[in-house]
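Trainee: This is the structure I want to talk about, given as structure tokens.
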Amino acid sequence: MKSFRYIFFVFVLIVLFDQMISQSMNYLYEKTYVGQSGGKINHLLKDFKYISVLSIGNSRCAHHIIPNKINENAYNLSHNGMSLVFHTGLIDQLIMNENIKIDTLLLHIEMHEVFGEQFGLNKDVQHLKYYYDQNNWINSRIKELSRFENLKYLFASYKWNGKVLNIINNRIKSNNQALLNDGYVPKLTTSRDSINVLWTYNKGLENDTSILKSGINTDFIRYVEHIKELCDRNSIKLICFTSPVYNPLNNTVNRDVELEDYFKSKDISYFNYFHLYDSAKELRSVWVWNDNYHLNEDGAAIFTEIIRNDLNDL
Amino acid sequence: MIFNSIDYILFFITVTAFYFLLEAKYRWILLLVSSYFFYMCWRWEYIILILISTCIDYYCGLRMSSKSERRERFPYLMISLISNLGLLFTFKYLDFFTATINQFSGDSIPYANLILPMGISFYTFQTLSYSIEIYYGKIKCEKHFGKFALFVTFFPQLVAGPIERSSHLLPQLQNNNNKLKYKNVVSGLTQVVIGLFKKVVIADTIALYVQSIYGDYELYTGFTLLFSTYLFAIQIYCDFSGYSDIAIGCSRILGYDLMENFSQPYFSKSITEFWRRWHISLSTWLRDYLYIPLGGNKKGRFKTYRNILITMLLGGLWHGASWNFIIWGALNGLYLIAEKKTRFPIFIEKQNVVVKFFSSIVVFNLICLTWVFFRAETIQKSIGIVERIFTVDYFFNLQIRDTGVFASIVLMTTFLFFLEVFVLKKIRLRNLEIVSFPWKLFGLKTILILLIILFGISEGSQFIYFQF
């Protein structure tokens, strides 16, 4: 009996503190306008009622698209290291919010997410767990992660798991209005980074995409079709694109065709810049690259100019 | 099913509830079925290996007990050793030896490509200790097949130890008349929570950083590599001691006492002391069943050094089939030989606190050097990392990568340090005497659980030592 009483007391105390922490985090989060832990989306919803071009994707989108070079109402809502499931959840959450009007959605597509044998990045939806119980699509994906995933959410503060320090830090930063921009995060490069680009390429470590299997994976189709449906329902033009890489191998031709055919069949515009390095002379210098996959600020300016022209031509 | 998963928590609650509801005489059945279920959740077909090992050792144990002369017992000891080590060799080392032969001879002998059974090194060593102790006449054989099978597969320590001695665990399994004791619940639960905290908050968070640095070590400065090696030292400690804590804590709640496996090893003042505090169940196993039978330190200086080196080389090989683990073992062996030669452990005990403190720092760094070989996948990579650590160019530039992860690592590791120094060094959870409501443990547990909820990595990654 004594044992049960002891466990009960521990449980009660945890529930009490759990609620207190959760409420405090809610308060902090609502006023957080920078960073990857929901700050960007809060900033977008606070400062924008209309977005002409909303670009969304991983770090290759975050560092490559400079919205104010497209036009003044553009915004870059990309999040480093996140996969398509995260972006789909974010788009769903954003579109659910009826206070914002979006014209064009520029969605970044990674080849390894389309053709990778083990897509396995569905777990990235966990980074949206602060929307648990607010968004049905996110809830469903979270529940797919494991048999007992929803049990973790019995603790209210679990929604903030892994984000506490980031939110506190970003909350403090949010007081500095200068940080509130168009969502673009420049990649600052040292000479050593550029040298590493050459070194990595010469070692052949990063450019070998031959591991990619042909055949578009079902997860990718599921997420793109959900985004397409959301866009159609809300009169948003969906455009997908793939960013360039440094000196790519020419072993992706079949996959490029397959992916382009897929987008055509779904009536989605698609710009494949994966091989842009071969045609755009300005991108051939290592000094516009931060690493083999990311352009630095100078490179991003060149790339944004190219994509802006293509958008205008559409 | 791994300890840091909801599945395990539900499994353990269910087993515990039924355990205390059942009559004592049926409890071994519940524990045996639960243990088999626990193992089969990983790969059901590999339970056959455990059953083979159990049957052979049970039979050999019975036969040895019926013989009065050690000479007569010897063939059965050999059967046990050859069959257990044969299974271990086939599943763990065969491909390594094939690769080595292919490399040196230029042949292309095909690989077996067998999946390494989870925990095979642990349960093999545990059953071997049973056979060896019967051979030496230290214990009597277990005649109850079910209880012996439970000794081999007892789920809390089945896949990553502590490697229990039959003389310690078997008598406890024979007597299943345990009561749900308040003292056991308080201390066991505390140890489980500490273990979970070490694993999901510290080890798994550090793993994110170390993986990114060691994965592309050529891109990072010496200081970053050195720092990530220090972090790996903390990661492996928290990962493995975290597992041991959960295993010991769960067993204690059920009323069973498992041996301590770690005793704050990074506070050691010598390598010799380190090995008395690190993975105690393995180091004592190697001492009792390998080092001493080889002659220990009784046959002259040269043979003592030889025995130390053989023990540590095999200890390294026990961890995995790779030259890196052999080098790791050899380095530790050389350290121990150097200490033996200079009588350093005796010398350092006589020094003042400041000298002891600096000695601990040196020992930590020497151990970290060996961790490079433990963590890196190949010898070339290990040498590359060591080279970069000792390269002056660009040394002082620490790449933090994800600031959130980095801040969590720093905060939580500092918290653990204070926890170890100011709380765990003073409280012996195992021998806890509770006279009134244990407010300190109550508060500690609440804080740790909240930290697990807020900072724990929830994907439930495997424990490093499962692969051994």
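First to last, the sequence lines map onto chains C and V. First residue of the first sequence? That's 0 in numbering that gives the first Met the number 0, and the numbers climb one at a time after it. First residue of the second sequence? That's 0 in numbering that gives the first Met the number 0, and the numbers climb one at a time after it. Backbone N, C-alpha and C fix where the C-beta goes; we use that ideal spot for every residue, glycine too. Here the structure is a predicted model, which means the values were calculated and not measured.
1) Please go through the same chain and pick out, in chain order, the residues whose beta-carbon is closer than 6 Å to the beta-carbon of T303(V), but skip the five residues on each side of it.
2) Counting only the same chain and skipping the five closest in sequence on each side, list residues whose C-beta sits under 8 Å from that of N112(V).
3) For W159(C), collect the residues of the same chain with a Cβ closer than 6 Å to its Cβ; drop the 5 residues on either side in sequence, then sort them by chain order.
4) May I ask you to list the residues that DSSP assigns as paired with N240(C)?
5) Could you spell out where the alpha helix (DSSP H) holding Q330(V) opens and where it closes?
6) Taking beta-carbon pairs under 8 Å, can you tell me which members of the segment 85-111 of chain C lie near chain V?
7) Give the single residue among I384(V), L115(V) and L172(V) whose Cα lies nearest to the Cα of K24(V).
8) Please state whether the Cβ-Cβ distance between S381(V) and N323(V) is less than 8 Å.
9) With a threshold of 8 Å between beta carbons, is D17(C) in contact with chain V?
10) Do T189(V) and K355(V) have their C-beta atoms closer together than 8 Å?
11) Assign K439(V) to buried or exposed, taking buried as 16 or more other Cβ atoms, counted over all protein chains shown, within 10 Å of its Cβ.
12) Going along chain V, which residues have a C-beta under 9 Å from W288(C)?
13) Could you give the residue range of the alpha helix (DSSP H) that holds L30(V)?
14) With distances taken Cα to Cα, identify the nearest neighbour of N98(C) among I40(C), L282(C), L237(C) and I215(C).
15) State yes or no: is the C-beta of W284(V) within less than 8 Å of the C-beta of I162(V)?
16) Which chain V residues are close to I194(C), counting only those with a beta carbon under 8 Å from its beta carbon?
17) What is the DSSP secondary structure of K265(C), reduced to helix, strand or coil?
18) Whole-angstrom Cβ separation of V362(V) and I270(V), contact assumed at under 8 Å?
19) Got a sec: is the Cβ-Cβ distance from Y216(V) to anything in chain C below 8 Å?
20) Using DSSP with H/G/I as helix, E/B as strand and the rest coil, what is Y18(V)?
21) Are V163(C) and R140(C) touching if we call contact CB-CB under 8 Å?
22) For P66(C) and S54(C), which I take to be in contact (beta-carbon distance under 8 Å), what is that distance rounded to the nearest angstrom?
23) Taking only three categories from DSSP, how would you classify S457(V)?
24) Note down, in chain order, all residues in the segment 439-455 of chain V with a beta-carbon under 8 Å from any beta-carbon belonging to chain C.
25) Between L368(V) and G315(V), what straight-line distance do the alpha-carbon atoms span, to the nearest angstrom?
26) Mark E143(C) as exposed unless 16 or more other C-beta atoms lie within 10 angstroms of its C-beta, in which case mark it buried.
27) Identify which residue in I448(V), I388(V) and N351(V) has its Cα closest to the Cα of I212(V).
28) For a contact defined as C-beta to C-beta under 8 Å, what are the partners of Y181(V) on chain C?
29) Count the other C-beta atoms from every protein chain shown that fall within 10 angstroms of the C-beta of Q379(V), then say buried if there are 16 or more, exposed otherwise.
30) Applying the 10 Å Cβ sphere with the 16-neighbour rule, what's the burial state of L237(C)?
31) Is Y32(C) near H42(C), with beta carbons less than 8 Å apart?
32) Around the Cβ of S77(C), are there at least 16 other Cβ atoms within 10 angstroms (buried) or fewer (exposed)?
33) Y214(C) touches chain V at which residues, Cβ-Cβ below 8 Å?
34) DSSP on E186(C), reduced to helix/strand/coil?
35) Whole angstroms is fine: what's the gap from A98(V)'s alpha carbon to F3(C)'s?
36) With distances taken between CB atoms, is the gap from I336(V) to I291(V) smaller than 8 Å?
Mentor: This is what the structure holds:
1) The beta carbon of T303(V) lies closer than 6 Å to those of N296 in the same chain, with the five residues before and after it left out.
2) So the qualifying residues of the chain are D94.
3) M24, listed in sequence order.
4) With the sequence shown as reference, residue 240(C) is identified as Phe, and Asn is not the correct amino acid for it. H107(C) and F270(C), per the DSSP bridge assignment.
5) Looking at the sequence provided, one finds Leu at residue 330(V) rather than Gln. W322 to T341 is the extent of the alpha helix (DSSP H) around L330(V).
6) If the cut-off is 8 Å between Cβ atoms, the segment 85-111 of chain C has nothing near chain V.
7) Cα-wise, what sits closest to K24(V) is L172(V).
8) The answer is yes: Cβ separation under 8 Å.
9) The Cβ of D17(C) sits closer than 8 Å to at least one Cβ of chain V.
10) Inclusion of T189(V) and K355(V) in the CB contact set at 8 Å is not warranted, their separation being larger than that value.
11) With fewer than 16 Cβ atoms within 10 Å of its Cβ, K439(V) is classed as exposed.
12) The premise fails here: W288(C) is roughly 14 Å from chain V at the closest Cβ pair, so nothing lies under 9 Å.
13) First-last of the alpha helix (DSSP H) with L30(V): R26 to M39.
14) Among I40(C), L282(C), L237(C) and I215(C), the Cα nearest to that of N98(C) is on I40(C).
15) Taking 8 Å as the cut-off, the beta carbon of W284(V) is found closer than this to the beta carbon of I162(V).
16) Contact of I194(C) with chain V by beta-carbon distance below 8 Å is absent, the smallest such distance being about 10 Å.
17) K265(C) falls in the coil class under three-state DSSP.
18) A Cβ-Cβ distance of about 6 Å is found for the pair V362(V) and I270(V), placing them in contact under the 8 Å criterion.
19) No - not a single Cβ of chain C is within 8 Å of the one on Y216(V).
20) Y18(V) sits in a helix when the DSSP states are folded into three classes.
21) The Cβ atoms of V163(C) and R140(C) lie no closer than 8 Å to each other.
22) Between S54(C) and P66(C) the Cβ distance is about 7 Å, and since that is below 8 Å, they are a contact.
23) In the structure shown, S457(V) sits in coil (DSSP, three-state: anything other than H, G, I, E or B).
24) Answer set for the segment 439-455 of chain V: F441, K444, T445, I448, L449, I452, L453, F454 and G455.
25) Between L368(V) and G315(V), the C-alpha separation is close to 15 Å.
26) An exposed status is given to E143(C), since fewer than 16 other beta-carbon atoms sit within 10 Å of its beta-carbon.
27) Of the listed residues, the one whose Cα sits closest to I212(V) is I388(V).
28) Here the neighbours are K1, S2 and Y5.
29) Burial is judged here by how many other beta carbons sit within 10 angstroms of a residue's own beta carbon; Q379(V) has fewer than 16 and is exposed.
30) Classification for L237(C): buried.
31) Closer than 8 Å, so yes.
32) Burial of S77(C) is indicated by the presence of at least 16 other C-beta atoms within 10 angstroms of its C-beta.
33) Residue identity differs from the one stated: residue 214(C) is Gly in this sequence, not Tyr. Going along chain V, no residue has its Cβ under 8 Å from G214(C), so there is no contact; the nearest lies around 26 Å.
34) It is worth fixing the name first, because residue 186(C) is Lys in this sequence and not Glu. If DSSP states are grouped into helix, strand and coil, K186(C) belongs with coil.
35) It is roughly 56 Å from the alpha-carbon of A98(V) to the alpha-carbon of F3(C).
36) Against a cut-off of 8 Å, the Cβ pair of I291(V) and I336(V) comes out as no contact.
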